[in-house]
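Q: Could you have a look at this structure, given as structure tokens, before my questions?
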Amino acid sequence: MNSALAVMPSERNNRSVWTVATHSFKGAHFATFPPDLIRPCVLAGAPRGGIVLDPFGGAGTTAVVAMQEGRKSVLCELNPHYAAMAERRIAAAWLDGAAQMDVFHDSAPAA
Ligand SMILES: C[S@@+](CC[C@H](N)C(=O)[O-])C[C@H]1O[C@@H](n2cnc3c(N)ncnc32)[C@H](O)[C@@H]1O
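When we follow our numbering, the leftmost residue of the sequence shown carries the number 17, and every step to the right adds one.
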């Protein structure tokens with residue numbers, strides 16, 4: 017065998033297009049990502065116990081996956097309706113001791 021091939025990983029790293037199964041979401045957000053799309057980014061972005069940042073938080077998929085993977089998360093979301101949706105979703109996915117949730121509002125939360 018060529019010696020260069022002996023150090024090649026058995027699986028290729030992800031390329032620029034990632035194929036993941038879609039995942040249904042009952043909420044009213046227009047572009048919720050499938051958790052399996054976010055998961056490699058969360059795992060690569062912070063060690064267990066670390067913090068991931070999603071500056072475009074949407075319905076909170078990053079926070080839910082971070083919780084599942086033992087990471088904390090900070091999300092920013094411009095639209096108060098989506099922020100409230102993420103808040104409810106994170107609360108529903110809560111695993112005691114696995115995550116921390118602080119919600120900051122710069123204006124009154126959506127009714
Ligand atoms: C593609 S969605 C994110 C979806 C999210 N990853 C999820 O799975 O739910 C992008 C989000 O970024 C928000 N957004 C756009 N511009 C923003 C800004 N300047 N600051 C914070 N959030 C912003 C939008 O309101 C939208 O909810």
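Glycine residues also receive a C-beta, built at the ideal position from the N, C-alpha and C atoms.
Can you name the residues that DSSP bridges to V90?
A: According to DSSP, which records beta bridges pairwise, V90 is partnered with L69.
Q: Evaluate E27 with the Cβ neighbour count: other Cβ atoms within 10 Å of its Cβ, from every protein chain shown; 16 or more gives buried, anything less gives exposed.
A: So E27 ends up on the exposed side.
Q: Confirm, please, whether the CB-CB distance from G76 to A107 is below 7 Å.
A: Not closer than 7 Å, so no.
Q: Does DSSP classify R64 as helix, strand or coil?
A: The answer is coil: DSSP assigns R64 none of H, G, I, E or B.
Q: Does the distance from the C-beta atom of V91 to that of A79 stay below 7 Å?
A: For the record, residue 91 in the displayed sequence is Leu; it is not Val. Going by C-beta atoms, L91 is nearer than 7 Å to A79.
Q: Give the straight-line distance between the Cα atoms of G73 and R31, rounded to the nearest whole angstrom.
A: Between G73 and R31, the C-alpha separation is close to 24 Å.
Q: Could you tell me if the beta carbon of A75 falls within a distance shorter than 6 Å of some heavy atom in ligand 1?
A: It does: the Cβ of A75 is within 6 Å (strictly closer) of some heavy atom of ligand 1.
Q: In the structure shown, what three-state DSSP assignment does T77 receive?
A: Three-state result, T77: helix.
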